[in-house]
Amino acid sequence: MKPLREAQREVLAAIEPLETVTVALIAARGLALAEPVVARHDLPPFANSAMDGYAVRSDDVAAAPVTLVVLEDVPAGKVPAKSIGRGQAIKIMTGAPMPDGADAVVPVEQTEPGEGEVVIRAGVSAGASVRPAGEDVIAGTTVLEVGERLTPPRLGVCASLGYHTPRVGRRPRVAILSTGDEIVPPETAMLQPGKIRDANRFTLSGALEEVGVEVLDFGIVGDEAATLRARLAEAAAAADAVVSSGGVSMGEYDLVKHLLAELGSIEFWKVAMKPAKPFAFGRLGGTPFFGLPGNPVSVAVAFEQFLRPALLRMMGAGQLFRPRLWGVLDEPVMTDPEKTVFLRVTLTPGSDGHLHAGLSGGQGSNILTALAAADAFAVVPVGIAGLDVGAMVELEMLQMPETRTAVEVLGG
Ligand code: AMP
Ligand code: MG
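According to this note's numbering, the sequence shown is numbered sequentially starting from 1.
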């Protein structure tokens, strides 16, 4: 068996980042920056008011209540025409530039407007309710680095700094197909004996879309050499990577193996992991090929350990793996000491301040509902045959459970 680390190293070493492109910001979510985002100007670009109120000299209002002469009214988007002298104020809206001479804003709630004047009821210190130029970013600062992926807030950062067509790694096109004579489409109303509905194409396409790749669906292909060969060749020509599920284990009908030898340079591995021990990797012509096992949970585990990091590398992302946290195991588990074992677990925050992990269901590699319920994989390393209740275990995070139903918020 090949140690998991070694298998991951071989996969990543064989993957090259794709070329870079510029894309409209609105279409860039999830892609990895291929240029740093450097502030060409301060953010905010000018000192501005944080409140609706009156721009004043803090010295003038120290002895509040005081009456000040109001010179003008400056809404957001306009600039003050005047500067403030002793005894004067300018009415100002949130986001409007601070007038020269003013060093603070008194919120409107602390004032009483009059004819051409205003009564300031409370004093404020210098800088109160003012957002200085460069408070967020100073011009010249690198705000986002090459390899950082564009999350929604980072899209906002790019927009604020004028990076409206950022240079990013191109979005990979990934072809997926399911293999097996027993596999039928999910729309099949009546399952014939011996048939099952295709789950893998859907877990895979969903997971791929979450990574940010474009999915090309090559459907279901039976265990028939000629068809499979043709579809794989077609997929390899159309995509930056091809992913199949099924047909890489030891079964008699596991054709993918024999076939692949003809189409490219593919290796069949027994990786020291559970689930997802059988795994095929190589090239169909020049296109990277990932042959995942057929069992649905194995698909998800192989996706996380091999495919997701490889695709992120293709995209030019810096960080390739899910976050890992430590948690407390809430039930005893027996594991295979020869393999890195990925247990499907649900997480609950404990009153002890730790995350607590419990099995999310049956741990067979066909138990899809336990995968669907899981928040994380608990990763039990090679050399460990089992863990007791209360053991610390490493958690590869898939998601954090969301909280608070409408009923909880609305009451009743
Ligand atoms: P295989 O790797 O082809 O030997 O398949 C291993 C197991 O996974 C078998 O029980 C298959 O029926 C099952 N399987 C294969 N492909 C799929 C799929 N697309 N959806 C659900 N189960 C599958
Ligand atoms: Mg099969």
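From the three backbone atoms N, C-alpha and C, an ideal C-beta is built for every residue, glycine too.
| query | Between the C-alpha atoms of residue 236 and residue 287, what's the straight-line distance to the nearest angstrom? | reply | 6 Å
| request: Would you give the residue range spanned by the beta strand (DSSP E) that residue 287 belongs to? | output: 287 to 292
| request: List in chain order the residues whose CB is within less than 6 Å of at least one heavy atom of ligand 2. | output: 179, 180, 246, 247 and 294
| Expressed to the nearest angstrom, what Euclidean distance is found between the alpha-carbon atoms of residue 229 and residue 182? | 18 Å
| request: Identify, in the order they occur along the chain, each residue of the same chain with its Cβ nearer than 8 Å to the Cβ of residue 125, setting aside the five sequence neighbours on each side. | output: 58 and 104
| query | Under 9 Å, do residue 200 and residue 131 count as touching if we go by C-beta distance? | reply | no
| said: residue 95 and residue 77 - do their beta-carbons sit closer together than 9 Å? | reply: yes
| message | Can you check which of these residues, 89, 158, 211 and 64, is closest to residue 310 by C-alpha distance? | response | 211
| said: Judging by CA-CA distance, which residue of 79, 139, 50 and 145 is the nearest neighbour of residue 106? | reply: 50
| task | For residue 35, collect the residues of the same chain with a Cβ closer than 6 Å to its Cβ; drop the 5 residues on either side in sequence, then sort them by chain order. | result | 167
| For residue 203, which of helix, strand or coil comes out of DSSP? | helix
| message | Assess contact between the stretch 276 to 284 and the stretch 180 to 197, defined as three or more Cβ pairs (one per stretch) separated by less than 8 Å. Is contact present? | response | no
| Nearest-angstrom Cα separation, counted from residue 381 out to residue 353 | 24 Å
| query | Where does residue 213 fall in DSSP's three states? | reply | coil
| query | With residue 61 and residue 88 assumed to form a contact (beta carbons below 8 Å), what rounded beta-carbon distance in angstroms separates them? | reply | Not really, about 11 Å apart at Cβ, beyond 8 Å.
| request: Please specify which runs of the beta strand (DSSP E), each continuous and at least 3 residues long, are wholly inside the stretch 113 to 183, giving them in chain order. | output: 117 to 120, 142 to 144, 167 to 169 and 173 to 179
| Within the stretch 271 to 353, ranges of the beta strand (DSSP E) (whole runs, at least 3 residues) | 278 to 284, 287 to 292, 324 to 329 and 340 to 349
| query | Can you tell me whether residue 192 is buried or exposed, with buried defined as 16 or more other CB within 10 angstroms of its CB? | reply | exposed
| query | With respect to 8 Å, is the separation between the Cβ of residue 48 and the closest non-hydrogen atom of ligand 1 below this value? | reply | no
| task | Pick helix, strand or coil for residue 230, following the three-state DSSP scheme. | result | helix
| task | Please go through the same chain and pick out, in chain order, the residues whose beta-carbon is closer than 7 Å to the beta-carbon of residue 405, but skip the five residues on each side of it. | result | none
| task | Whole angstroms is fine: what's the gap from residue 232's alpha carbon to residue 219's? | result | 11 Å
| query | Given residue 367, which residues of its chain have a CB within under 7 Å of its CB, disregarding the five upstream and five downstream residues? | reply | 297 and 361
| task | To the nearest angstrom, report how far apart residue 222 and residue 208 are at their CA atoms. | result | 23 Å
| Strand pairing of residue 73, partner residues [DSSP] | 91
| said: Between residue 71 and residue 90, how many whole angstroms is the CB-CB distance? I'm expecting something under 8 Å. | reply: 5 Å
| field | Opening and closing residue of the beta strand (DSSP E) in which residue 396 lies | value | 392 to 397
| field | Beta-carbon contacts of residue 275 that lie in its chain and below 6 Å, excluding the five residues immediately before and after | value | 297, 298, 301 and 365
| query | With a cut-off of 8 Å, do at least 3 Cβ pairs link the stretch 392 to 407 to the stretch 315 to 334? | reply | yes
| message | Less than 9 Å between the C-beta atoms of residue 377 and residue 347, yes or no? | response | no
| request: Give the single residue among 224, 336, 292 and 261 whose Cα lies nearest to the Cα of residue 242. | output: 292
| field | Residue of 398, 161 and 65 minimising C-alpha distance to residue 139 | value | 161
| message | Using only the alpha-carbon positions, how far apart do residue 357 and residue 387 sit? | response | 12 Å
| query | Can you check whether the CB of residue 17 is closer than 9 Å to the CB of residue 169? | reply | yes
| query | Less than 9 Å separating the beta-carbons of residue 213 and residue 120? | reply | no
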